[in-house]
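>
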Amino acid sequence: MNPYLPVAIFLAVALAAALLFTVLPGLLAQRKPNPLKLEAYECGVEPTSSVSGRFPVRFYLIAMLFVIFDVEAASFYPWAVELHALKLFGLLEMVVFIVVLGIGYAYVWKRGGLAWK
Amino acid sequence: MTLPFTHVDWAAVAPLEVLAATGLLVLLFDLVWRPFAPRGLSLSVAFLGTILTAALIAQQYGTNVAAFNGGYIVGNFSVLFGEVVLLGTLGALALMGRGGSDRESAGTIALLLWSACGALLLAAAATTMTIFLGIELLSLALYCLCGLANRKSAREAALKYLLLSSTASAVLLFGMALLFGASGSVSLAALASPAMVTNPLFWMGSGFFLVGIAFKLSLVPFHAWAPDVYQGAPLPIAAFMTVVTKAATIAIFARFAYAALPAGASQMLLLPVWAIAGISMIVGNVGMLAQHDLKRLLGYSGIAQVGYILAALAGTTRLGLRYAFFYLVVYAVMNLGAFAVAAVLSSGDDEEGTQIQSYRGLGARRPLLAAAMTFFLLALAGLPPTAGFLGKILILAVAAGTGYLWLAALLLVGTAISLYAYAKIILAMYRPDHRVHAADIPRGAPLPWVSLALCLVATVALTFYPLLPSGLLPLVK
Amino acid sequence: MANPEHVMGVVGSYPLLIALWLLPLAGAVLCWAFGPQLKRAAGWLATAVAFAAFALTVASWGSGTQSLNGALGADQPLVRWMPGFHLGLLLDPLSLLWACIITGVGALIHLYSIGYMEGDSAFARFFAYMNFFLFAMLTLVLSDNFVGLLIGWGLVGLASYFLIGFWFYKPSAVAAARKAFVINVAGDVGIMFAIFLIVQKTGSIGFGNAFAAADTYGPTLLLAICISLFIGAAAKSAQVPLHTWLPDAMEGPTPVSALIHAATMVTAGVYLIARCAPLWSHDGNAQLLVGTIGGVTALTGAVLGMVQWDIKRILAYSTMSQIGYMIMGVGVGAYEAGVAHFFTHAFFKAQLFLGSGLIIHALANEQDVRRMGGLRKRLPFAFIAMLVGVLAICGIPGLSGSFSKDAVIQGALNHGHPWLYAVGIVTAGMTAYYMFRMLFVTFFGRYRGEIDPSELGIRHPEFAGTAAHADTGGHDSHHAPAWLMNLPVAILIVPSIFAGWLLYGGADSPWHRFFDPQFGVAAPANVPISELTTTLVTLAFVAVGILVAYLRYGTAAARESAVERLRRESVGMWPILANAFYFDVALDALFVKTSEMLGRLVSRVLDPHVVDGTVREAAIAAQGSGALVRSLQTGFVRAYAVFLAVGIACFAAFYAFHGVH
Amino acid sequence: MATSFAGVPIFDYEALASVLFFIGLAGAIARRNPLVMLMSIELMFNAANLAFIVFARAWLNNAGQIFAFLVITVAAAEAAIALAIVVVVFRSAPQVNVDDVRVLHG
């Protein structure tokens, strides 16, 4: 038996159900709109602005810096696994790697990239 | 287990290390000495580092090292293309020294140098992995560089470049994945096996790979970003991009076309590239006709010029590669020259005054500059007394000699169209205009002047290339 | 290079030749650089340069006509660039003749211009351009290789562009300059392509190598080369259908029309074909094609010349027609005759243009012959000058035009083209008609400058000069001394009358002896009609032409009713003639309209905002397609991404297809 | 070259990677929000990563895994730069829509 068969069945059922519930109301329901019906539901208020709030730019900046350093740190794992084979040479290389990262970090810090104000 | 890499490998990439370290140094100096550092310190360090790198690369001429498991192949090919990349970098650095504030310059210069590192890597890259690394290093730095000027158009250029170029990078990467799947190796050389001819993964992978390359080369229909980005980007960056990006990508393409294709497949496999190269010659030159901004016009011109260079490669002959390289050098020099004139004339603030309208009456006010600009434009158009003409003749000869007569014909048609566009600027310069006085025009910083003069000398000198006694130039047949 | 060096002339050192070539360039640079300081002296400087160049040409006569071991003329190598790419100067009888006319007639026109351009704000710039033109034209005719010729070819186009658009504040002048430039560039491409083919075949750009290999090309390649060369020649020499720029080029100052658009530059096509005679002589099809186009041009020019009202346009169409004769001559193989017609035409057409310049100058820029009339008494010298020119161009026996024109017509027959022979004779009659029509309308009858333009049927009076000058009669008091302008015209009268006698004497004529080493002896075929008969028949047609012109415009009755007649003719002109056979409309529709339409279509689909005024700054073909590319460049990132996707799809389809196979 | 692992043929992994890639490509072209476009591009990168890892397994060649690692780090750098540029471009705009960015055209 094909190992995908359950997946396929599940997908088919899901699709059919979704389609059914999307299409049926359009076919069955009667539509008699009036202004009152079209208002926001019950105690709701007319939105005056976009729903999603805006984060300050700083937030994005810090998030970006985090992403960069975090992902670079991922390079440590394979290095750590093979460190016993790489010996001193490998250690030195990682030192260089960290120094380069460190200079970048220092530059960002000194230029005020991390200040929250 | 032995060490994966030895000191031989590290020695091979010494120029790259020096260039990257120069970038770091520039940042460090800026960080530590900012209040005391003399003006232009960052620039001087960058110049020294770049020249040192160029010297190191020149030393590698004649050697042959395959470093990093064949990922980085040092040879005459990488040396020559590397020197063109550094030439473009020096040119762009020279244009940066046109006054204005030093404030942002350290970061900009560091990014520029790292971008050049990527290009250098590309010149020697021989596995898909190093190619990807090089292209991304080159591009990522450029996204930032494009957006660094404080005006709307620069930011817009950065965004457009980012979105489109990342998409193209992803396509390129997917192509690389398929190629890896086809050969089981990241090495380009592994693709040259005859078994590949019947492998669908290889064909699809090559297709996506070439799309990515064609995008970086701004060939039609992957060209749309180029004029917008060149117009929006700051002058030195636009100059850098037209020369360095093209040189590095041509290197990759040449390596792929010459060394990575199984015998028998290469003609059919590369046919779409030659086709779009031919289309680019026409579209690029036609696009120039209705432009009002010099940088934008040179962007369109670049689209066509890449088409010319590819026409030389079309037969994948050694002679073609040599002529393509010659034309690349000529293009680099004349293009940098044109940008240098623009930089001398630009006011140094964020609005760079590259509107063609602002060149009106230049002939009367600044005859030297106007003459230099005329010369560079004539060279770009490929008119007879210049090196541009020689380059085109050689390309024509090799294209026709290898049977790509239709590319040669398209080249001629494109050249004819471009004459009108270049003539428009030249005429604008020599048309009297009484609205602007000589005093209103900036004198220009010394560095762009130097760069301009050097480009002028080089463009003239390259014309005499065939006079060299070495017999480098057996004209085809 | 394996090929032996085929050099046309006797290789040696000829300092005079180099001086002759570079002198005008020096003059141009001086006038351009020191224009503000030189002021009026710029004109004298440039004129002196032109005369000195003429003297140098005459002094080089001996080296130009020498012959040694089959080499003819003088060859001065300049640059040995790379194998097969040797640039140098060549002075042989053909280029000697052209150089004489360029510098000689050029010098006289320079002298004339000092008077004509008096008071123009850009006096020095004008003379810089004129000297530059001399340099460019000399480059064209003195080069011993195709690339030098192409450089000269491009430079004369550029000089012409500058000079047509010299009064760049006139929109019509700018438009005319652009048109000339675009058409000429199209021609340049033809020549470029021919050079490309020749270099492919012979590996050399030298004339000598190209011609020595003439019989190795094979018929297809040879025809391709000849056609490509002829496209260039046709564009430069205003041959149908690439002639539309020439009448418009009359927007430039009159001395420019005389020098560039009558005497020298427009005959570059004749030079090219005469220069490439060895190629043409090998290809009968090319001869037929070029001869036919020449004949058609001669006829078309004459027909259109009959219905013009602007005096310079009459002369422009007559120039086109006469060049048609020349092209017909050199095309069919009658090189000596074709070149001879260039020689005589240079004199009498320059004289006609300069004469018309006298009138235009005296009438404060009036060019419409309908607003002239009766000028015989007011401008007696101009009348004499124009009369001699008209008689010469009509081919009245004894004057220069008759010798060369009859030689061309007879040559067409000798080389086996009776139809062209007939066309030549008919055109001669029409030439007589339109030239005498101009003469009668301009110089006889009453002066019509004071009459309201609408009564004369002039629809757009603003194009026909301003009305203000009519009150003063057009005489300005501050003109330069009259002799400055009259002297060159007077000098030109002499060769206009006598130059043709050089052809007298058949095989013993000085002309034949001069050109025999160049073109070799064309064995006269078994010709059914003798030269004398040809002359008489032509003369009969000419007489009819003159008679018709006289009856329509010259009789006492016609002079009386001139106003009424001119109005009727202007209003009732056939549209096909008024629109010059719709050549312009057709070219416009073919290139400008289609590309504009495409541009609009594409931009409407992709971006409705893009069609704005900036796109349409100039409606010429090139700009139209430029706008097409512009309109694709909408600025939307997503639109660019769509290009990207389409490209990826095409690539993927291609590689998927080939991957599966 | 192995033809399957974990009971699933290699071809199916390839197909999945291709589908992911084209979904990403469609997103990069069709969406107006630059952030969503960037996410689509990341999807394309990761499709390639999947292909690399599958092929590495199939060919028993670690280079593919190393490549995937490299791509992850590069993609992170790219994302950071992209976010910075998006923030700078749309700092003063009411909403983030790439169609609003067209000073440069023609």
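Residue numbers (our numbering), protein chains in the order written: chain A, 458 to 574; chain B, 24 to 500; chain C, 348 to 1008; chain D, 22 to 127.
Where a beta carbon is used, it is the ideal one built from N, C-alpha and C, also for glycine.
Only a predicted model underlies this, so the values are computations on that prediction, with no experimental measurement involved.
Of all the residues that make up the segment 178-189 of chain B, which are near chain D by a beta-carbon distance shorter than 8 Å?
Listed by position, the residues of the segment 178-189 of chain B near chain D (Cβ gap below 8 Å) are Arg178, Glu179, Ala180, Ala181, Leu182, Lys183, Leu185, Leu186 and Ser189.
> Please confirm whether D/Phe73 and B/Phe279 have their CB atoms less than 8 Å apart.
No, Cβ-Cβ distance for D/Phe73 and B/Phe279 is not below 8 Å.
> Counting only beta-carbon atoms, is D/Ile50 nearer than 8 Å to chain C?
With 8 Å as the cut-off, D/Ile50 counts as an interface residue toward chain C.
> Straight-line CA distance for C/Gly453 to C/Leu606?
When rounded, the distance between both Cα atoms is 6 Å.
> I'd like to know if B/Gly230 contacts chain C, where contact means its C-beta is closer than 8 Å to some C-beta of that chain.
Yes, its Cβ sits closer than 8 Å to a Cβ of chain C.
> Identify each residue in the segment 93-110 of chain D for which the Cβ-Cβ distance to at least one residue of chain B is less than 8 Å, and report them in chain order.
So the close ones are Val95, Ala98, Glu99, Ile102, Ala103, Ala105, Ile106, Val107, Val109 and Val110.
> Have a look at D/Asp121 and B/Gly114 and give me their C-alpha separation to the nearest angstrom.
Going by the C-alpha atoms only, they are around 34 Å apart.
> Residues of chain A with a CB under 8 Å from the CB of D/Phe90: which are they?
The contacting residues are Ala531, Ser532 and Pro535.
> Please determine, among B/Asp53, B/Leu79 and B/Ile80, the residue with the shortest C-alpha to C-alpha distance to B/Ser67.
When each option's Cα is compared against that of B/Ser67, the closest is B/Asp53.
> For C/Gly451, which residues of its own chain have a beta-carbon under 8 Å away from its beta-carbon, when the five flanking residues on both sides are left out?
Same-chain partners within the cutoff: Phe401 and Thr404.
> Give every residue of the same chain whose Cβ lies closer than 6 Å to the Cβ of C/Gly812, excluding the five residues on either side of it in the sequence, and list them in chain order.
The pLDDT assigned to C/Gly812 is 40, lower than 50, so where the model puts this residue is not dependable, and the model offers no usable value.
> Under the three-state reduction of DSSP, which class applies to B/Phe52: helix, strand or coil?
DSSP places B/Phe52 in helix when its eight states are reduced to three.
> In three-state DSSP terms, what is D/Leu125?
In the structure shown, D/Leu125 sits in coil (DSSP, three-state: anything other than H, G, I, E or B).
> Can C/Arg717 and C/Ser917 be called in contact, C-beta distance under 8 Å?
Against a cut-off of 8 Å, the Cβ pair of C/Ser917 and C/Arg717 comes out as a contact.
> Can you list, in chain order, the residues of its chain with a C-beta nearer than 7 Å to that of C/Trp445? Leave out the 5 residues immediately preceding and following it.
The residues are Val488 and Tyr618.
> Within the continuous beta strand (DSSP E) that includes B/Phe276, where are the two ends?
Unbroken run through B/Phe276 is the alpha helix (DSSP H), Lys269 to Ala282; no beta strand (DSSP E).
> Comparing the C-beta of C/Tyr516 with each C-beta of chain B, is any distance below 8 Å?
False, the Cβ-Cβ gap to chain B never drops below 8 Å.
> Which of the three DSSP states is assigned to C/Ile743 in this structure?
C/Ile743: coil per DSSP, three-state reduction.
> Out of B/Ser101, B/Trp248, B/Ala212 and B/Leu258, which one is the CA nearest neighbour of B/Leu168?
The option with the nearest alpha carbon to B/Leu168 is B/Leu258.
> Looking only at DSSP bridge pairs, what is B/Ala89 linked to?
Answer by DSSP bridge pairing, in chain order: B/Ile96.
> Tell whether a beta-carbon distance below 8 Å holds between B/Ser241 and B/Ile326.
Cβ distance < 8 Å, so B/Ser241 and B/Ile326 count as in contact.
> Can you tell me which of C/Ala986, C/Ser410, C/Ile995 and C/Leu662 puts its alpha carbon nearest to the alpha carbon of D/Arg53?
Per the Cα distances, C/Ala986.
> Give me the chain C residues within the contact set of B/Val436, using Cβ-Cβ distance strictly less than 8 Å, ordered along the chain.
Chain C residues near B/Val436: Val536.
> What does DSSP give as the partner residues of C/Gly553 in its beta bridges?
C/Asn492, per the DSSP bridge assignment.
> Please state whether the Cβ-Cβ distance between B/Gly405 and B/Thr438 is less than 8 Å.
Going by C-beta atoms, B/Gly405 is nearer than 8 Å to B/Thr438.
> Below 7 Å CB to CB, which residues in the same chain sit around C/Ala621 once its five sequence neighbours on both sides are set aside?
Taken in chain order, the residues that qualify are Leu441, Val677, Tyr682, Gly685 and Val686.
> My understanding is that B/Ala69 touches B/Leu144, with C-beta atoms under 8 Å, so please give their C-beta distance in whole angstroms.
Their Cβ separation, rounded to whole angstroms, is 18 Å, which puts B/Ala69 and B/Leu144 out of contact at 8 Å.
> Considering only residues of the segment 756-792 of chain C, which uninterrupted alpha helix (DSSP H) runs meet the minimum length of 4 residues and lie entirely inside it, listed in chain order?
Complete alpha helix (DSSP H) runs here, min 4: 765-790.
> Determine the chain D residues that contact B/Ser176 at a beta-carbon separation under 9 Å, and present them in chain order.
The answer, in chain order, is Val124 and Leu125.
> Exposed or buried, what is B/Asn222 when buried is set at 16 or more other beta-carbons lying within 10 Å of its beta-carbon?
Under this definition B/Asn222 is a buried residue.
> Just the C-alpha distance for C/Trp766 and C/Ile511, rounded to the nearest angstrom, thanks.
So the alpha carbons of these two residues sit roughly 36 Å apart.
> Rounded to the nearest angstrom, what separates C/Arg951 and B/Phe245 at their Cα positions?
Only weak support is given to the placement of C/Arg951: the predicted model assigns it a pLDDT of 45, under 50, and the value that follows is read from those uncertain coordinates. One C-alpha to the other measures close to 22 Å.
> Scan the segment 556-636 of chain C and note each continuous alpha helix (DSSP H) run of 4 residues or more that stays entirely inside, going in chain order.
List check, alpha helix (DSSP H) in window: 566-583, 592-595, 601-605, 615-622 and 624-628.
> By how many angstroms is the C-alpha of C/Arg915 removed from the C-alpha of C/His822?
Since pLDDT at C/His822 reaches only 38, below the 50 mark, its modelled position is unreliable, and the value read off the structure follows with that caveat. Rounded to whole angstroms, C/His822 to C/Arg915 spans 30 Å at the Cα level.
> Can you tell me where the alpha helix (DSSP H) holding B/Phe225 begins and where it ends?
Pro223 to Lys239 is the extent of the alpha helix (DSSP H) around B/Phe225.
> Just list the alpha helix (DSSP H) runs in the segment 285-346 of chain B, keeping only unbroken ones of 4 residues or longer that don't cross its boundaries, in chain order.
With a minimum length of 4 residues, the continuous alpha helix (DSSP H) runs that stay inside the segment 285-346 of chain B are 289-312 and 317-336.
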